[in-house]
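Asks: Here's a structure for you.
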Amino acid sequence: MSSRTRLTFHITLSTPTPTPSSPTLTIQITDPRSTTANNLALATWGSSEILANQLHRLPIPDFTATGPGTQTFPILELGAGTGLVGLSAAAIWQQRTCLTDLRPIVPNLEANIAANRKELAKYGGSAVCGVLDWDDPETRVLGLGEMVRARVILAADTVYSEEHPALLTKAVVARLERGERARLVMCYPLRIGYLDHIRDLWARLEDAGLVCVLEGRETLDQSWEEDTPYEWCVWRWREERLQQQQP
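At position 16 of the sequence shown the residue is numbered 16 (UniProt numbering), and the sequence of numbers has no breaks.
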């Protein structure tokens with residue numbers, strides 16, 4: 001997985017076809033390499049930039065009846081890392097985002113939220129963060145408050161070991177709103193060493209009642225010095241699964 005310590009990311013805001021003069025969102029990110037979780041240094045990985053710059057091309061999710069006064073949070077990012085994707089989504093979709101990760105990662109998420117608070121506010125977005133352990137995903141997350149599920153879940157570069165497909169699926173099932181408007185949006189590198197994990201993840205998500213409705217592939221720009229393809233995909237609940245969940 002490619003990573004970098006660049007502090008400033010320019011995320012495209014315009015639709016549908018970006019050009020060199022397209023308006024961009026400026027996100028300030030810190031990458032404290034001394035911080036680790038699960039033996040992986042905290043960094044901004046390639047999938048995060050790919051997905052952050054793909055959000056403006058995706059159909060805008062329906063965020064009706066989310067937020068304060070409801071039981072549904074607008075946007076939740078799993079395994080947020082430095083938070084680039086979740087922060088970008090907050091501004092692009094003009095919503096409140098909750099960035100989650102393991103406890104050692106959260107202080108940096110807090111710092112990145114503080115660094116970008118004014119930028120997000122310019123576009124009508126905001127962000128909070130909290131600890132979410134995929135092995136115990138129903139535990140209350142500080143930033144979510146009483147809103148236990150999310151209309152949209154984001155996940156970038158979250159599958160790099162054989163344990164992750166089961167854990168990520170568990171977290172998605174626990175936290176994705178049960179409804180036709182709910183969406184899971186993911187991105188990951190198509191490296192040979194991870195393909196079996198990706199296949200396993202797809203199989204588990206399908207078994208859980210989700211279906212992929214949109215997908216595509218992108219590559220990073222030359223500054224990353226790699227040519228690995230990245231795949232992004234959008235999922236929703238199958239209609240028959242939603243009918244089974246009705247009381």
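Note that CB positions come from ideal geometry on N, CA and C, so glycine has one too.
Would you check if there are 3 or more beta carbon pairs closer than 8 Å linking the region 112 to 129 to the region 86 to 99?
Replies: Contact between the region 112 to 129 and the region 86 to 99 is present, because at least three Cβ pairs lie under 8 Å.
Asks: Quick one: what does DSSP say Q244 is sitting in, helix, strand or coil?
Replies: Here Q244 sits in helix by DSSP.
Asks: Less than 6 Å separating the Cβ of D221 from some heavy atom of the ligand HEM?
Replies: The ligand content of the structure shown is nil, which means the ligand HEM is not present either.
Asks: Alpha carbon to alpha carbon, how far is G209 from D133?
Replies: Taking the straight line from one Cα to the other gives about 22 Å.
Asks: Can you give me the C-alpha to C-alpha distance between R175 and L168, rounded to a whole angstrom?
Replies: Cα-Cα distance, rounded: 10 Å.
Asks: Count the other CB atoms, across all protein chains shown, that sit within 10 Å of the CB of E101; report buried if there are 16 or more and exposed otherwise.
Replies: For clarity, residue 101 is Asp in the given sequence; the question names Glu instead. Classification for D101: buried.
Asks: My understanding is that T66 touches I29, with C-beta atoms under 8 Å, so please give their C-beta distance in whole angstroms.
Replies: About 26 Å; that fails the 8 Å criterion.
Asks: Can you round the beta-carbon distance between T228 and L190 to whole angstroms, since I take them to be within the 8 Å contact cut?
Replies: That belief holds up - the Cβ atoms of T228 and L190 are roughly 7 Å apart, short of 8 Å.
Asks: Do C233 and E215 have their beta-carbon atoms positioned less than 7 Å apart in this structure?
Replies: Contact flag set, yes.
Asks: Looking at C-beta atoms only, is the number of pairs between the region 66 to 76 and the region 186 to 205 that lie closer than 8 Å three or more?
Replies: Output reads no: the region 186 to 205 does not touch the region 66 to 76.
Asks: Considering only the beta carbon of each residue, do R217 and A182 sit closer than 7 Å?
Replies: It is not a contact, given that the beta carbons lie outside the stated cut-off.
Asks: Mapping DSSP to helix, strand and coil, what is W134?
Replies: Correct three-state label for W134: coil.
Asks: Determine the DSSP secondary structure at T169, reduced to helix, strand or coil.
Replies: It is helical.
Asks: I'd like to check one pair, R178 with V211: are the Cβ atoms closer than 7 Å?
Replies: No. Outside cutoff.
Asks: How should V213 be labelled, buried or exposed, when 16 other C-beta atoms within 10 angstroms of its C-beta is the threshold for buried?
Replies: Exposed: under 16 other Cβ atoms inside 10 Å.
Asks: By DSSP, does A182 sit in helix, in strand, or in coil?
Replies: It is coil, neither helix nor strand.
Asks: What is the rounded straight-line gap between the Cα of Y230 and the Cα of Q244?
Replies: Y230 and Q244: Cα-Cα distance of roughly 34 Å.
Asks: Roughly how many whole angstroms lie between the Cα atoms of Y160 and L51?
Replies: Cα to Cα, the separation comes out at about 17 Å.
Asks: So within the region 77 to 127, which uninterrupted alpha helix (DSSP H) runs reach at least 4 residues, ignoring any that extend past its ends?
Replies: Listed in chain order, the complete alpha helix (DSSP H) runs (minimum 4 residues) inside the region 77 to 127 are 84 to 92 and 106 to 122.
Asks: In chain order, what residues of the same chain lie with their CB nearer than 8 Å to the CB of E119, ignoring the 5 residues before and after it?
Replies: So the list reads L25, T26, I27, Q28 and A91, once near-sequence residues are dropped.
Asks: Going by DSSP in three states, Q54 sits in which element: helix, strand or coil?
Replies: Of the three classes helix, strand and coil, the one that applies to Q54 here is helix, per DSSP.
Asks: Can you give me the C-alpha to C-alpha distance between N53 and D136, rounded to a whole angstrom?
Replies: Their Cα atoms are separated by approximately 31 Å.
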